[in-house]
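Structure first, commentary second.
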Amino acid sequence: MKRLLVLGAFVVLAVPAAAYAHATLKSVFPGYMADLAQSPRDVELHFDQVVQFPAVEVFDTKGRHYELTTTAHGIDVVAGVKHLPAGDYTIRWHALSADGHVVSGVWTFGVRMKALPPTEAFGASGPTRTEDVVRWLYFVALALVIGSLGFRLLCLRGLAVPPRVEKRLYAIAAIGVVGVLELGILAFCLRCADVLQLPFGKFLYGDLSPISAATRFGKAFIVMTLAFAIVAALLYLAWLTDRTRLLVPAFLIAVGFAAGLSLSGHDAVDPGSSKWSELADWVHLTAASLWIGGLVSLAAGVWLVAPEFRRVAFARFSRMARVLIALVLAAGTYLSIVRLPRLHDLWTTGYGQTLLVKIALVAVVLAWGALHHFVIRPALDRASDGFLTRVGRSLAGESAVAVAVLLLAAILTNSKPPPRPAPTTTAAAAIGR
Numbered sequence: 011m012k013r014l015l016v017l018g019a020f021v022v023l024a025v026p027a028a029a030y031a032h033a034t035l036k037s038v039f040p041g042y043m044a045d046l047a048q049s050p051r052d053v054e055l056h057f058d059q060v061v062q063f064p065a066v067e068v069f070d071t072k073g074r075h076y077e078l079t080t081t082a083h084g085i086d087v088v089a090g091v092k093h094l095p096a097g098d099y100t101i102r103w104h105a106l107s108a109d110g111h112v113v114s115g116v117w118t119f120g121v122r123m124k125a126l127p128p129t130e131a132f133g134a135s136g137p138t139r140t141e142d143v144v145r146w147l148y149f150v151a152l153a154l155v156i157g158s159l160g161f162r163l164l165c166l167r168g169l170a171v172p173p174r175v176e177k178r179l180y181a182i183a184a185i186g187v188v189g190v191l192e193l194g195i196l197a198f199c200l201r202c203a204d205v206l207q208l209p210f211g212k213f214l215y216g217d218l219s220p221i222s223a224a225t226r227f228g229k230a231f232i233v234m235t236l237a238f239a240i241v242a243a244l245l246y247l248a249w250l251t252d253r254t255r256l257l258v259p260a261f262l263i264a265v266g267f268a269a270g271l272s273l274s275g276h277d278a279v280d281p282g283s284s285k286w287s288e289l290a291d292w293v294h295l296t297a298a299s300l301w302i303g304g305l306v307s308l309a310a311g312v313w314l315v316a317p318e319f320r321r322v323a324f325a326r327f328s329r330m331a332r333v334l335i336a337l338v339l340a341a342g343t344y345l346s347i348v349r350l351p352r353l354h355d356l357w358t359t360g361y362g363q364t365l366l367v368k369i370a371l372v373a374v375v376l377a378w379g380a381l382h383h384f385v386i387r388p389a390l391d392r393a394s395d396g397f398l399t400r401v402g403r404s405l406a407g408e409s410a411v412a413v414a415v416l417l418l419a420a421i422l423t424n425s426k427p428p429p430r431p432a433p434t435t436t437a438a439a440a441i442g443r
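According to our numbering, the sequence shown holds residues 11 to 443 in order.
Structural data, given as structure tokens:
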């Protein structure tokens, strides 16, 4: 059976994907996120083939138009531009390709100031509720793959793990890594569709290079996708060859490259961010994934299939959970201080109110976990089968609340923290005192 699976995977990888010969944008002026010292006289686009009926629009952050006549000269498109005062600008374009498809794109540049990333271009709608749900499912998948691998390697290290448990943990990790790959691609596509402001049918022919190559978000997406593809391969080989030592590099790669989210999120680019906020965000994300994913692994991977293995697995996970909870609380407290520069932001802004709800749910999970650690764990040695069954239900309930916490984390990730006070305002207030 395993040989057939290997053959099937080889066939799938060997079949080439169809290529579509639509026009591709090769170079532009001004460049992606370029910072110009003065206003350009025109906007230039260079394609790899002739395009027809081009249209180029230049907007400032308030939506005012600055473009003049657009003309096509073979594979080159030139649009005149009015004089641009200092500020951020968005260029949106579309043209008819020789294959009959309309190609389009967007990029940003600045005049005498740093350019906004294309994800914040004029007209971009920002994260939608659909993106929040996809991001939530992505966090759940990340927790499953990191948590199940960590549970197997850290909590069950040195034990003779029953085959039923091994099989279930492999399944949880596989669901997680497939989810990370597929949901990551979907999240990237949804973000690009929002930026390009195109329906899906036309989005297929959009130019994504300004987002994928010129932003932290795009670069992190590419690197993380490649990294988790390697994790998937290692996980598959470990299951195929029964070599659990292959899970070690899979776990290390998953934990290490999860930092891509921290290096491209609010704690890397917003005012007040630093290498310490990036590190704290990675610690927070990794510890939470190990905790929540390990909890799911204990409930679904051990409790349901191996009654004789419950006590030792519960005791070991309980010890690891203490360390993970301490890391989650310490990193989360530091990040809250960084993201909310004023205390009243916690209840006067949408970001702070969402954070309050998240804190409340985390408190519920912590109380639930404390009950398991201080009350249930000491009673396991003398517990009856009926009691153990009720404990399993309690673990499932704690897991469900923990997964709900990830939903709020996804909303916060897609939301922008409140702005920091302007330095001049702070200085003036200090002088007034």
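C-beta: ideal position from N, C-alpha, C; glycine also.
Bear in mind the structure is a predicted one, so any value in this text is a computation, not a measurement.
Name the two residues that bound the continuous beta strand (DSSP E) containing L55. D52 to F57
For G84, which residues from the same chain have a beta carbon less than 7 Å from its beta carbon, with the 5 sequence-adjacent residues on both sides left out? V60
Pick out whichever of V143, Q62 and D45 has its Cα sitting closest to the Cα of G97. D45
For the alpha helix (DSSP H) holding D204, just list the boundary residues, first then last. P173 to L206
What does the alpha-carbon distance come out to for the pair V25 and S299? A caution first: V25 carries a pLDDT of 44, below 50, which makes its placement in the model unreliable, though a value can still be read off. For V25 and S299, the distance between alpha carbons rounds to 35 Å.
With 16 other CB atoms within 10 Å as the buried threshold, where does W313 fall? buried
In its own chain, which residues sit with a C-beta less than 7 Å from the C-beta of N424, not counting the 5 before and 5 after it? P137, E141, D142 and R145
Count the other CB atoms within 10 Å of the CB of L14; is the residue buried (16 or more) or exposed (fewer)? Low confidence applies to L14: its pLDDT is 47, below 50, so where it sits in the model is not reliable enough to give any reading.
Compute the distance between the beta-carbons of V155 and A323, then report whether it is under 9 Å. no
Distance, Cα to Cα, K72 vs A151? 39 Å
Under 8 Å: do the segment 178-193 and the segment 79-95 share three or more Cβ pairs, one atom per stretch? no
So, using beta-carbon positions, are V265 and G160 closer together than 9 Å? yes
State buried or exposed for A260, treating a residue as buried only when at least 16 other CB atoms are found within 10 Å of its CB. buried
Touch test, the segment 209-220 against the segment 105-114, Cβ-Cβ under 8 Å, three pairs minimum: yes
Measure the alpha-carbon distance for A414 versus R255 and round it to whole angstroms. 33 Å
Enclosing beta strand (DSSP E) for F324 [first to last residue]: Taken as a continuous stretch (DSSP letters only), F324 belongs to no beta strand (DSSP E), being part of the alpha helix (DSSP H) at R320 to R349.
Excluding the 5 residues preceding and the 5 following L164 in the sequence, name in chain order all residues of the same chain whose CB lies nearer than 7 Å to its CB. M330
State the Cα-Cα distance for the pair S287 and L273, rounded to the nearest angstrom. 10 Å
Can you give the Cα-Cα distance for V306 and L350, rounded to whole angstroms? 31 Å
6 Å Cβ shell around Q62 - same chain, five flanking residues per side excluded: L106
Given 8 Å as the limit, is there contact between the segment 334-348 and the segment 288-298, that is, 3 or more CB pairs closer than that? yes
Nearest candidate by alpha-carbon position, reference V375, set A33, L405 and V258: L405
So if DSSP puts D10 in a beta bridge, which residue, or which two residues, is it bridged to? Beyond the ends of the chain as shown, which are 11 and 443, falls residue 10; an answer cannot be given.
With DSSP run on the structure shown, which of helix, strand or coil describes T80? strand
If we count the other Cβ atoms within 10 Å of its Cβ and call it buried at 16 or more, is K368 buried or exposed? buried
From A377 to I335, what distance separates their C-alpha atoms? 11 Å
Which residues mark the beginning and the end of the alpha helix (DSSP H) in which V375 is found? G360 to L381
Helix, strand or coil: how does DSSP classify T100 here? strand
Identify every residue that forms a DSSP beta bridge with E67. R102
Given this structure, state the Cα-to-Cα distance separating D109 from A82, to the nearest angstrom. 17 Å
Could you check the C-alpha separation between H104 and H354 for me, to the nearest Å? 45 Å
Only counting the same chain, and skipping five residues up and downstream in sequence, which positions put a Cβ closer than 6 Å to that of I421? D142 and T364
If distances are taken between C-alpha atoms only, which option among T100, L147, A230 and F149 comes closest to P127? T100
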